[in-house]
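Chains as they are written, first to last, in the numbering used here: chain C, 1 to 407; chain U, 408 to 814; chain R, 815 to 1221.
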Amino acid sequence: MVWGWVTNFFTYETTKSVVVKSWLVGIINRVVQVLIITYFVGWVFIHEKAYQVSDTGIESSIMTKVKGFGYHQDQLMDVADFIFPQQGAAVFCIMTKLIITENQFQGKCAENGKGYSCNTDTDCEQHLGSILTNGRITGACLHGGDMSKGQCEVEGWCPVENDSIEMDPMVDVENFTIFIKNSIRFPLFNITRGNFPSNMTSEEIKKCKYNTETNPFCPIFQVGDILKYTGQNVAGLAKKGGEIGINIEWKCNLDLDIEYCVPKYAFTRLDAPFAKNAVSQGFNFRFAKYFKTQNGTEYRALHKAFAIRFDVLVTGKAGKFNTIPTLINLVAAFTSIGLGTVLCDLILLNFLKGAEQYKAKKFEEVSEAQIEASLAPSPSSQISIKEGMKSSYDSGAHSLATADQPV
Amino acid sequence: MVWGWVTNFFTYETTKSVVVKSWLVGIINRVVQVLIITYFVGWVFIHEKAYQVSDTGIESSIMTKVKGFGYHQDQLMDVADFIFPQQGAAVFCIMTKLIITENQFQGKCAENGKGYSCNTDTDCEQHLGSILTNGRITGACLHGGDMSKGQCEVEGWCPVENDSIEMDPMVDVENFTIFIKNSIRFPLFNITRGNFPSNMTSEEIKKCKYNTETNPFCPIFQVGDILKYTGQNVAGLAKKGGEIGINIEWKCNLDLDIEYCVPKYAFTRLDAPFAKNAVSQGFNFRFAKYFKTQNGTEYRALHKAFAIRFDVLVTGKAGKFNTIPTLINLVAAFTSIGLGTVLCDLILLNFLKGAEQYKAKKFEEVSEAQIEASLAPSPSSQISIKEGMKSSYDSGAHSLATADQPV
Amino acid sequence: MVWGWVTNFFTYETTKSVVVKSWLVGIINRVVQVLIITYFVGWVFIHEKAYQVSDTGIESSIMTKVKGFGYHQDQLMDVADFIFPQQGAAVFCIMTKLIITENQFQGKCAENGKGYSCNTDTDCEQHLGSILTNGRITGACLHGGDMSKGQCEVEGWCPVENDSIEMDPMVDVENFTIFIKNSIRFPLFNITRGNFPSNMTSEEIKKCKYNTETNPFCPIFQVGDILKYTGQNVAGLAKKGGEIGINIEWKCNLDLDIEYCVPKYAFTRLDAPFAKNAVSQGFNFRFAKYFKTQNGTEYRALHKAFAIRFDVLVTGKAGKFNTIPTLINLVAAFTSIGLGTVLCDLILLNFLKGAEQYKAKKFEEVSEAQIEASLAPSPSSQISIKEGMKSSYDSGAHSLATADQPV
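Below, the structure written as structure tokens:
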């Protein structure tokens, strides 16, 4: 009993096949198989690297350092003056134009701008609660001496800023250099890389200047070059400010030597997607320096800074051989090769001369009627079947001792 | 010889099938197939978009600008006073309450707080080395005049801060507006998008105000609205500070028109996961403004700032049709349809009337004994087999000229 | 007609199989199947969790707070003095050494450094346009009184900085503590987690100190401990500055209880990948404090700050059961089991005794010649075939009424 179960278990089941010796179908079959194999090998495995698992959840750290100095309103400014924030972050601004309103004290004074000119207090009351002014509108209209038209009064830091002044920006910015140190880690593979080659000496790094063609791994970028790569005009950008993206892209195939895992730099104007809206072009922000008079009253110098903001953006993708995607794709490949038979079967069984004969060879029919007939009339034959067979109920290997019967 | 190999190569091998004409199994077979197809088409392909490859390693740049002003301790503060950092970064703070300790000079003075009251120097020596004080504990106990109880002496910036003062926060913060400019790039597809529609004019953007229902694409957010969406109380948040997350979520189906790739905003209280711990509720930090006396001695005004910190967090996921996931899922789908036969075979060969007859039809047994028997007794038949066949050793197409033999 | 179509549709087609009762092939077959199942269950499903879909595009928010104070040049500095930026961001610097150049006014003065010593103006003209100086080289050589050698003149903030001064850094930094609050969200699963357990009380958090072994969930880190974990020397780092990464890694299996989704901290020296280049070791930056004289002239104190920069980097990966990867891998598993037959067929049909007999059993040949022969000579038999069959053209179930013919 157990022995029977064991012998039945260790049997091998394989499909019975019909081999068709037909030139047409044979050639179609092989051509389809070759096409499928070519597709999988060429596109799926070689081009798309479907045998790799990839990691895009990177860990990146950026340090920047700007060097240079420039004239602004006859003052020579250096990095401590025009870089904000100063600690060398991934996002930093180089201020190129500063509208400075010196000696602002808390108090009341006239708002500037045509929109706030007034004849009576009523003209000003409509602006009450506005947050677009330089201070809180009090609702009073200030008439300076004999002026026919007055200006609305505001409360806050006085005198108010007049940002319509024209002045020359610091165009020296194009000679500044930016040094970028970027270290990146792919946590899935525990691989850490830096953005300049390990065989580059300290001397080489200090002297080099990035160039897409001739020096693609130098980590020192001249601002003028960056603006040129993005197609921007130095004078315009220095005047109105702007946002420049320095994209560092890491695409690493970790199946190759780690030395091939190098960064690729690209430069873009970040507000490009907003170009159509013509809104908020340029980039500016306000900050203040605070001072105290001798008697302890605080006053400030308000700065409206037009700046070029640089965003160093890092993206990374690393791929490495892994059994799971390889296996899934291999199985998909093998199964796909089998799908070629669908086409060949269609041709063989429908369009070929002698299709019906092929069908007769491929398909063997068994209907309920037949089965019932074989069960009902001759009980002796039923018994002989039952006696002559050792059946297994294991789904993997069914066997039946029917060798003595013509099939 | 070569010709024989070629003819054997260009043959087509297909499985021999048994067609069972039984209503029960036939219907079960079709129902199972329909269920599998429905699942794949409905869930895997339509709902889960398994035909797409997706990119979550986004490149995002954020620019923010706050407008507004408010009263704090009878002073009118504007953006240059209460925004930190000032350059419009993705993470910025709006200070709502400032405890200012003016005119701090380096020196020695009494620490404040009940914990540091003392009778003798011994009471203070236990605090030596503490880093929770306002300065370094010297170990001395200062008795101010006729006071019965003294305070421990500290060395550092004097006088020390007393942050237990009660004061009104700047509640005007709820009227402030935040303008957010976000540009996002999916490096895998090289698609760049901005967070407001390209057909929105500059005028529309300036005037609009974000509302989840009526104006979901306006990039200007009123602080009061944001707090309302997160269920926070303006007065409480302004007093203790807090951290608010502005989540911008991009879920893009790049198989559709690019105009459907739009952001979705959500607002959360970021310290929500820490609510149970009741630790470090609110948000505050310290900074100092530095001044110099006429004779050049530096002094400072220490600010303990309670602020609402806004973190603009961007997540993105873009999907686009790609042949590899499509193919893998298609192959999985086709193969799964075939898995229906496992169930039908089980029923057919075990539970159906005439199961043994079906088994006899499906399985053809060949045992070692039979093979040996056919090899041993009649050597003539063995020779006839060997002569009568042209065998191919290609695993893809085995053929055997056995047509003249009854199988 | 329709009825015939319906009965043909509801048929069930299954492959006809040959069951080989051979110990050798049977055992090989089962062993191969067991190996494949073991691999899929053990590696693919249990180890690699191929039944999960994973999310790496996390949304993370970080708040930091440093506590401590230290002596620098006989001044006691507190957090408001040495932390930059002050608002508790994910990237912050603790300044450990400050080279302060007090009372700089705009003007002209001598550059310092041996490289800029000169005899005549010609010696200085070679430096014109250099951006590595402390100001713009005017081209003049300044001879101070009776000095034989002069120094080149620069225009800018005077006097210029002399950063070659030796001074003791603030080594007290090792006693400082850093409190880190990190909340993380996996947008795909909408799960939010904080970096300390919800059952930790406020008191416990305030008193604890992180330790890899004994206290791995405490969010308070002592700087000295962090430097020890990265193998760094406090004195060296405080002198030259450096960049330390605090990596918070979230690896969450969301099929388990959410309480098992906890952070893991790791500490690295971020400039490690650049160690070989010996370039730009350490970390420093420059900033200025601005003052005004009584008559309103601005002057500044330039600070060259050597700092330890801490980057809190968060990476996260969450996996959760999902039908699609499960299904694809299950189908791959089932299909792979079938691949075992390739090996067994190879053995059975080529290397086993009686291989030719097995071939004869497995393959049934049909050649064009046979089909033509059966079509041509007896037209009567052709008619009888046509009459006796009801064929279906559905690719899923072909049936042919050929039961009356011996196959």
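Just so you know, even glycine gets a beta-carbon here, dropped at the ideal spot from N, CA and C.
Predicted model only: the values in this text are computed from it and were never measured.
In the three-state reduction of the DSSP assignment, residue 774 (chain U) falls in the strand class, which pools E and B.
Taking each of R:888, R:1021, R:993, R:1178 in turn and checking the Cα distance to residue 1033 (chain R), the smallest one comes out for R:993. Here the C-alpha atom of residue 209 (chain C) lies approximately 7 Å from the C-alpha atom of residue 222 (chain C). Under the DSSP assignment, residue 267 (chain C) falls outside any alpha helix (DSSP H), being part of the beta strand (DSSP E) whose first and last residues are 263-269. For residue 716 (chain U), no Cβ of chain C is located within less than 8 Å of the residue's own Cβ. By alpha-carbon distance to residue 1119 (chain R), the top candidate from C:201, C:88, C:171 is C:88. One alpha carbon belongs to residue 1004 (chain R), the other to residue 130 (chain C), and they sit about 39 Å apart. For residue 1065 (chain R), the nearest beta carbon of chain U is not closer than 8 Å to its own beta carbon. Counting only runs of 3 or more residues that sit fully inside the stretch 1-82 of chain C, the beta strand (DSSP E) segments are 12-15, 17-21, 52-55, 59-67, 70-72, 75-77, in chain order. Residues of the stretch 817-841 of chain R whose Cβ lies closer than 8 Å to any Cβ of chain U, in chain order: 821, 823, 824, 825, 826, 827, 828, 829, 830, 831, 832, 833, 834, 835, 836, 837. In the DSSP secondary-structure assignment, residue 783 (chain U) is not bridged to any residue. Contact check for residue 346 (chain C) against residue 358 (chain C) fails: the beta carbons are separated by 8 Å or more. Distance from the Cα of residue 115 (chain C) is smallest, within the candidate group C:188, C:183, C:141, C:107, for C:141.
Residue R:1167 holds the alpha-carbon nearest to the alpha-carbon of residue 783 (chain U) among R:842, R:1167, R:948, R:988. Proximity to residue 1149 (chain R) across R:1185, R:818, R:1132, R:851 peaks at R:851, based on C-alpha coordinates. Proximity of residue 508 (chain U) to chain C, defined by a Cβ-Cβ separation below 8 Å, is not satisfied. Against chain R, the CB of residue 525 (chain U) has no partner CB under 8 Å away; the residue lies outside that interface.
Note that the stretch 489-509 of chain U touches the stretch 284-302 of chain C; at least 3 beta-carbon pairs, one per stretch, sit closer than 8 Å. Looking at the DSSP output, residue 1105 (chain R) bridges to R:1113. Residue 167 (chain C) and residue 237 (chain C) have their C-alpha atoms roughly 14 Å apart. With a cutoff of 8 Å on beta-carbon distance, residue 466 (chain U) and residue 594 (chain U) are scored as near each other. For residue 692 (chain U), the closest Cβ of chain R is nearer than 8 Å. About 46 Å separates the Cβ atoms of residue 164 (chain C) and residue 1085 (chain R), ruling out a contact at the 8 Å cut-off.
With a threshold of 8 Å between beta carbons, residue 532 (chain U) makes no contact with chain R. Runs of the alpha helix (DSSP H) spanning 4 or more residues and lying entirely within the stretch 169-250 of chain C occur at 202-207, 223-229, 234-240, in chain order. Taking a cut-off of 8 Å on C-beta distances, the stretch 414-431 of chain U touches the stretch 357-373 of chain C, as three or more cross pairs fall below it. Scanning its chain for C-beta atoms nearer than 6 Å, with the 5 sequence neighbours on each side dropped, one finds around residue 658 (chain U) the residues 724, in chain order.
Secondary structure of residue 718 (chain U) (DSSP, three-state): strand. Take residue 867 (chain R), set aside five residues on each side of it, and the residues of its chain with a beta-carbon closer than 6 Å to its own are 1136, 1139, in chain order. Annotated three-state conformation of residue 748 (chain U) is helix, per DSSP.
Its chain contains 90, 91, 243, 244, 245, 246, 270 as the residues whose beta carbon lies nearer than 8 Å to that of residue 311 (chain C), once the 5 sequence neighbours on both sides are disregarded; these appear in chain order.
Rounded to whole angstroms, the Cβ separation of residue 969 (chain R) and residue 948 (chain R) is 10 Å, and the two are not in contact under 8 Å. Under the DSSP assignment, residue 357 (chain C) falls in the alpha helix (DSSP H) whose first and last residues are 355-362. Shortest Cα-Cα distance from residue 434 (chain U) to any of R:859, R:822, R:995 involves R:822. By the beta-carbon neighbour count (other beta carbons within 10 angstroms, threshold 16), residue 758 (chain U) is exposed.
At a beta-carbon threshold of 7 Å, none of the residues of chain C lie near residue 865 (chain R); the nearest stands roughly 11 Å away.
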